[in-house]
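Worksheet for the structure shown next.
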Amino acid sequence: PLGPVPLQDEHIYQLTMGKAGFRHLPYPSDSERIRVHLPRKPCPTPSYYPQLPPMHADTVEFFQRLSTETLFFIFYYMEGTKAQYLAAKALKKQSWRFHTKYMMWFQRHEEPKTINEDYEQGTYIYFDYEKWGQRKKEGFTFEYRYLE
Amino acid sequence: PGIDLTTLGLNLNSPENLYSTFQSPWVDIPCRPQDIDFHVPSEYLTN
Amino acid sequence: IEDPPGLPEKTEYLLREWVNMYHSPAAGRDSTKAFSLFVQQMHQQGILKTDDLITRFFRLCTEMCVDLCYRALSEQAQTQNVAMTRNKCFPTLDAFVRLIMLLVKHSGDNSNTNTKINLLNKVLGIVAGVLLQDHEVRGEEFQQLPYHRIFIMLFIDLNGPEHVLEVINFQILTAFCNTYHVLRPTKAPAFMFAWLELISHRVFIGRMLSLTPQQRGWGMYAQLLIDLFKFLYPFLRNAELTQPIHFLYKGTLRVLLVLLHDFPEFLCDYHYAFCDVIPPNYIQMRNLILSAFPRNMRLPDPFTPNLKVDMLPEIQHAPRIPLNFANMITPNSFKIDLDSYLKTRSPVTFLSDLRISLQSKEPGSRYNIPLMNALVLYVGTQAITHIHTKGLTPSMSTIAHSSHMDIFQNLAVDLDTEGRYLFLTSIANQLRYPNSHTHYFSCTLLYLFAEANTEAIQEQITRVLLERLIVNRPHPWGLLITFIELIKNPQFKFMNHEFVHCAPEIEKLFESVVRSCV
């Protein structure tokens, strides 16, 4: 039984200004830090492509199933995001260790020749993000105090 | 009759909280991990 | 008062200097190294000497950031390159935001947090002031971009894992809520989409509704939602939505769904305040709020045969309503007469004057809806207390023959169609999850149906229930059990009423409900 109520002048003004606001909507990325290396580039894909991330795509278990190179890609290109954090956790579960002095990831390649409570010395694999590949480092001293 | 609220892009049966991946009132997909700013150790900021 | 000569130039120089330092690799973690160098420059330039100069500095910086954005946006009009605009603006805006955060963090000593909060309130007030003036001056050319970015990045920066900031987090939240209230959609309608984005941002919701202890953020957050509903009210009321308003409405539903899913207790607590500002004809949005129930509660299926609602353990407990709705019964003389009538059934004229007291002088509504809502809830809660003092529990028999029911029956009979619709709507707004209010008002609605002296009242009670049931889900539990009882209980002879057969599809609908009940 509530009949329509005529809009007052202030409501008309609000409608007009709301329409102006509607022309300049914020983008989701406006609420995120600048992504230097991998800014969002929404791209319309065929509707039969999955349009949503798979379920549980934001869990360590999901990231653990990714290949090492993929994890390093996520780690180095999605800096400062939850994806980088999850990739780091998954890499550690794949027995990589992040050395904060060199700010690089290392993985023991064989039983180190020297081990004491300060460091271990031996052959390691590290991920070279300049050449984008895993490389071996002989006789490397791995200092625990820099282990993250 | 209103709107079918299951078509607004929110997984209403999710056991997890929705707000932590809520992207925007204008978008009907949740945030992806790479969309969420995270306080990672400063050494991770290798770039 | 004009800026001192040279201050704009000095400010522009300093802002440019800071932006470069912020983006240099030597800035250090969270730009702290750059900041300690830059503060010396601010001292040298005398910016930090007086409160007035600091205020002018921030206003000039804000205006320069805004001008930068408008220049970039005007170029975008040619290039259509949205990313380019952001790439031009955000480095400066984010640097300015970091400067604000660091000044707030390092101002005053750590024990004296007032200095920090006063500075934050000052800066937020300045940005809001520049926004409102810009909104006024530019009219439809207004752009939300710079302000949205400044507010959201400043909020995220101030909510980082920093002990100094953690200690003052509640004051930080309060400062932002005050600012967002100042910038509510009725005051800055061209900013409304950015505004809803800001108050529904995951970090903001997390802080306001989850991380802040003892739910201290709930009242402030409820106020922001009320600001939104008040803006939408006149447009939803007419059910003619322009595309922008419909877009805003859908965005609002998304936010409410997140709250229903993650913080149902918040919606339970503030349902009353929200129903006051949601137009009665916006049924689905109201149902969404009324459908919330505490997560630790299991709702029995309303279609359970022989469901004994009054045997449910929760049915005795009153729901939390952190709002003093009794204070909303004005004028005081009316409240005094009301209390007197409830106690002694006098003054006798109270009932006959009731309809007039509920009239509204507001343009657009003949009745004072908030007063109606407050009266119904107040009389109902008084009735529940009255019944409990007699050692009884609300039921179709114990709610009858009381001064409280006199008032409800008088309203049912004496009000015109519009007034009775609003009255019945107030009652139906209490039909939620199992609690003592749901139970009492469910009995009241059924009692009014049974005791109605005209079929018109029974039809209107049915309409009020039906219009809430035929919209898309969700439907409040209390609404379902009331409707099922009305249809199932032979005492109401529901299917015998003429209006039940007023149209084939209506008749079919009722019969389908009867079948699913049986």
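Chain order of the listed sequences is A, B and C. My numbering applies: residue 72 is where the first sequence begins, and numbers increase by one. My numbering applies: residue -18 is where the second sequence begins, and numbers increase by one. My numbering applies: residue 2 is where the third sequence begins, and numbers increase by one. We put the beta carbon where it would ideally sit given N, CA and C, even for glycine.
- request: In angstroms with no decimal places, state the Cα-to-Cα distance between Cys62/C and Pro97/A.
  value: 22 Å
query: In three-state DSSP terms, what is Tyr197/A?
result: strand
message: So, with DSSP's three-state summary, where would you put Leu123/A?
response: coil
message: Residues in the same chain with beta-carbon distance under 6 Å from Leu125/C, minus the five sequence neighbours each way, listed in chain order, please.
response: Ala176, Thr180
message: Can you confirm whether the segment 37 to 45 of chain C touches the segment 82 to 93 of chain C when touching is taken to mean that 3 or more C-beta pairs between the two stretches lie within less than 8 Å?
response: no
- prompt: Between the C-alpha atoms of Gly74/A and Glu132/A, what's the straight-line distance to the nearest angstrom?
  reply: 57 Å
Residues that Lys153/A contacts on chain B, provided the C-beta gap is smaller than 7 Å: Pro14, Ile17, Phe19
field: Those runs of the beta strand (DSSP E) which lie wholly inside the segment 101 to 177 of chain A and span at least 3 residues
entry: 168 to 170
C-alpha distance - Tyr422/C paired with Leu467/C, whole-angstrom precision: 13 Å
task: Measure the Cβ-Cβ separation of Tyr197/A and Phe177/A and say whether it is below 8 Å.
output: yes
Buried versus exposed, by CB contacts within 10 Å (16 or more), Pro11/B: buried
field: Amino acids of chain B, ordered along the chain, whose beta-carbon sits closer than 9 Å to that of Ile471/C
entry: Pro(-18)
Buried versus exposed, by CB contacts within 10 Å (16 or more), Lys153/A: buried
message: Checking 8 Å against the spacing of the C-beta atoms, do Gly89/A and Leu26/B come in under that value?
response: no
field: Burial state of Ile428/C, where buried means 16 or more other Cβ atoms lie within 10 Å
entry: buried
message: Could you compute how far the alpha carbon of Leu449/C sits from the alpha carbon of Asn115/C?
response: 57 Å
Burial state of Asn160/C (16 or more Cβ within 10 Å): buried
query: What residues in the segment 89 to 100 of chain A have a beta carbon less than 9 Å from any beta carbon of chain C?
result: Gly89, Lys90, Ala91, Gly92, Phe93, Arg94, His95, Leu96, Pro97, Tyr98, Pro99, Ser100
task: Please list the partners that Gly161/C has in chain B, where partner means a Cβ-to-Cβ separation under 7 Å.
output: His20
message: Please state whether the Cβ-Cβ distance between Lys208/A and Tyr195/A is less than 8 Å.
response: yes
task: Under the assumption that Gly381/C contacts Tyr441/C (Cβ atoms under 8 Å), give the Cβ distance between them as a whole number of angstroms.
output: 6 Å
- request: Just the chain C side, please: which residues come within less than 7 Å of Tyr0/B by C-beta, in chain order?
  value: Arg203, Ile206, Gly207, Val259, Asp263
task: Taking Glu18/C as part of the alpha helix (DSSP H), name the residues at either end of that continuous run.
output: 8 to 24
- prompt: Applying the criterion that 16 or more other CB atoms from any shown protein chain within 10 Å of the CB defines a buried residue, is Ala319/C buried or exposed?
  reply: exposed
- request: Starting from the C-beta of Leu260/C, find all residues in its chain whose C-beta is less than 7 Å away, skip the five residues before and the five after it, and write them out in chain order.
  value: Phe267, Leu268
field: As assigned by DSSP and simplified to three states, the class of Asp18/B
entry: strand
field: Where the alpha helix (DSSP H) containing Phe230/C begins and where it ends
entry: 219 to 238
query: In three-state terms, what does DSSP make of Lys208/A?
result: strand
message: Classify Tyr215/A: buried if its beta carbon has 16 or more other beta carbons within 10 angstroms, exposed otherwise.
response: exposed
Which of helix, strand or coil DSSP assigns to Ile186/A: strand
Cβ-Cβ distance between Arg17/C and Ile127/C below 8 Å: no
Proximity of Leu109/A and Tyr84/A at Cβ, strictly below 8 Å: no
task: Note down, in chain order, all residues in the segment 109 to 131 of chain A with a beta-carbon under 8 Å from any beta-carbon belonging to chain B.
output: Leu109, Arg111, Gln122, Leu123, Pro124, Ala128, Asp129
- prompt: Is there at least one Cβ from chain B nearer than 8 Å to Ile458/C's Cβ?
  reply: no
query: Three-state secondary structure (DSSP) at Gln144/C?
result: coil
query: Which residues, taken in chain order from the segment 115 to 145 of chain C, show a beta carbon closer than 8 Å to some beta carbon of chain A?
result: His136, Gly140, Glu141, Glu142, Phe143, Gln144, Gln145
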